[in-house]
Every structure is written in structure tokens, then in C-alpha cells.
Amino acid sequence: NHFETWNAGVLGPVQLSGLNKGRRDLSWQK
607 NHFETWNAGV
617 LGPVQLSGLN
627 KGRRDLSWQK
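Shown next, in the form of C-alpha cells:
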């Protein structure tokens with residue numbers, strides 16, 4: 607399925623970087 611491949615290729619890295627940024631933001635708040 608082309609759409610699933612695109613989904614994983616585009617949204618996967620975005621979600622990972624978003625999680626990493628969220629963790630940094632939380633650590634900054636402490």
C-alpha cells in the first residue's frame with residue numbers, strides 16, 4: 607500500500623522528533 611509506506615516514511619520521523627522535543631521541553635520545565 608503506497609499510502610501506508612508514505613505514512614510511515616513521513617509521519618514516523620516527525621512523530622519521533624516530536625517525542626524527543628517533548629521530552630526536552632519537559633526536562634526544561636523541571
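So the sequence shown is residues 607 to 636, counted in our numbering. Just so you know, even glycine gets a beta-carbon here, dropped at the ideal spot from N, CA and C.
Query	Result
To the nearest angstrom, report how far apart S633 and K627 are at their CA atoms.	10 angstroms
Measure the alpha-carbon distance for L622 versus F609 and round it to whole angstroms.	19 angstroms
Under three-state DSSP, which class holds N613?	helix
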